[in-house]
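Residue numbers (our numbering): 17 to 193.
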């Protein structure tokens with residue numbers, strides 16, 4: 017299928033960027049810099065770069081075209097920075113990126129509640145459901161919104177993620193998690 021090379025590159029690029037994010041975080045921490053804010057800013061810059069490329073060079077009918085691969089790997093890099101930032105700085109919150117793990121846990125907890133389990137397990141399941149269900153609902157809403165945007169404005173839909181990332185930086189301010 018189209019885009020085989022980018023599919024093969026996605027995991028190594030993701031892994032390399034997570035490692036680089038951690039190394040950068042350690043260096044920034046030693047300088048007492050606002051690490052989380054820097055990571056969010058890097059993600060914002062990557063999303064802006066991807067949006068500019070998508071709008072200028074897209075749509076990409078050939079997933080193996082150089083422009084498609086570069087745009088895709090920039091998006092993979094932004095996702096890697098988001099994952100690294102979340103795991104390190106927001107570890108107590110449900111995942112904000114990879115929803116399969118969260119969705120799987122919700123379904124397991126629902127099955128346990130349907131089947132019935134000990135009071136302790138039931139309390140733990142209910143607690144996880146309360147924390148995670150909202151995240152999945154927001155994720156689903158985001159997916160639906162992104163799909164509608166893409167249908168309406170095609171490659172310009174790639175301008176939305178940098179706007180959301182910028183808003184998160186503004187709302188977050190210089191506070192640390």
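Don't be surprised by glycine CBs; every beta carbon is placed ideally from N, CA and C.
For this session: Name the two residues that bound the continuous alpha helix (DSSP H) containing residue 136.
Result: 135–169
Exercise. Taking buried to mean at least 16 other C-beta atoms within 10 Å of its own C-beta, is residue 33 buried or exposed?
Worked result: buried
Exercise. What is the DSSP secondary structure of residue 84, counted as helix, strand or coil?
Worked result: helix
Exercise. In or out: residue 46 buried (at least 16 other Cβ within 10 Å) or exposed?
Worked result: exposed
Exercise. Can you tell me where the alpha helix (DSSP H) with residue 188 in it begins and where it stops?
Worked result: 176–188
Exercise. Expressed to the nearest angstrom, what Euclidean distance is found between the alpha-carbon atoms of residue 22 and residue 60?
Worked result: 22 Å
Exercise. Using 8 Å as the Cβ pair cut-off and three pairs as the minimum, do the stretch 66–82 and the stretch 166–176 touch?
Worked result: yes
Problem set entry | Limits of the alpha helix (DSSP H) - the one that residue 21 falls within | 20–46
Problem set entry | Local Cβ density within 10 Å of residue 108, reported as buried at 16 or more and exposed below that | exposed
Exercise. What are the start and end residues of the alpha helix (DSSP H) that includes residue 109?
Worked result: Run containing residue 109: none; DSSP gives neither H nor E here.
For this session: May I ask you to report which of helix, strand or coil DSSP gives residue 76?
Result: coil
For this session: Give the straight-line distance between the Cα atoms of residue 30 and residue 95, rounded to the nearest whole angstrom.
Result: 8 Å
Problem set entry | Whole-angstrom distance between residue 122 and residue 144, CA atom to CA atom | 7 Å
Exercise. Of the choices 148, 124, 149, whose alpha-carbon is the least far from that of residue 137?
Worked result: 124
Exercise. Distance, Cα to Cα, residue 147 vs residue 100?
Worked result: 20 Å
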